[in-house]
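In this note's numbering, the protein residues as written are 3 to 144.
The structure appears right after this line, and notes come after that.
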């Protein structure tokens with residue numbers, strides 16, 4: 003006798019939290035673009051408008067995470083894309099630190115924007131893949 007598939011409802015709090023976090027963090031970066039640099043003791047760059055664009059991109063994920071939270075069985079593709087970004091962010095930090103273009107303190111944003119979400123997002127995606135016939139099927143968009 004096989005057990006019934008587990009519900010994806012357990013992931014709702016994580017995605018609601020991600021939505022709120024992205025709304026708050028993105029708003030902070032847009033409204034007070036110098037604050038993060040002051041917080042980590044980094045010289046303020048002369049490209050603050052580009053940093054504000056980063057804030058806008060982060061805010062755009064707020065409704066996406068909200069949709070996933072509301073319907074966790076329907077929007078795995080959004081989490082798949084988000085997870086790719088959460089992997090590329092730390093890679094970018096490593097490159098930036100290795101080339102001397104970013105201080106290691108800049109990694110604070112990688113911890114809060116990317117790394118803390120890895121366990122929940124990865125476990126959710128693994129569960130969705132199992133429920134939907136495997137990774138190949140999930141990655142194909144089927």
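Glycine included, each C-beta is placed from N, C-alpha and C at the ideal position.
Spatial neighbours of residue i in its chain, beta-carbon cut-off 6 Å, leaving aside the 5 residues before and after
| i | result |
| --- | --- |
| residue 18 | 71 |
| residue 16 | 122 |
| residue 54 | 32, 35 |
| residue 66 | 80 |
| residue 63 | 24 |
| residue 135 | none |
Residue span of the alpha helix (DSSP H) that contains residue i, given as start and end
| i | result |
| --- | --- |
| residue 135 | No alpha helix (DSSP H) contains residue 135, which DSSP labels as neither H nor E. |
| residue 64 | 50-72 |
| residue 13 | From DSSP, residue 13 is part of no alpha helix (DSSP H); its letter is neither H nor E. |
| residue 40 | 37-42 |
Beta-carbon proximity list for residue i, same chain, < 7 Å, skipping 5 on both sides
| i | result |
| --- | --- |
| residue 61 | 24, 25, 28, 29 |
| residue 14 | 71, 74 |
| residue 119 | 20, 88 |
| residue 110 | 42 |
| residue 127 | 78, 81, 82, 85 |
Three-state class that DSSP yields for residue i in the structure shown
| i | result |
| --- | --- |
| residue 130 | helix |
| residue 143 | coil |
| residue 34 | coil |
Sequence-distant residues of the same chain with beta carbon closer than 8 Å to residue i, five excluded per side
| i | result |
| --- | --- |
| residue 46 | 36, 39, 40 |
| residue 98 | 104, 108 |
| residue 124 | 85 |
| residue 12 | none |
### Any alpha helix (DSSP H) of 4 or more consecutive residues that is wholly inside the region 79-128
109-115
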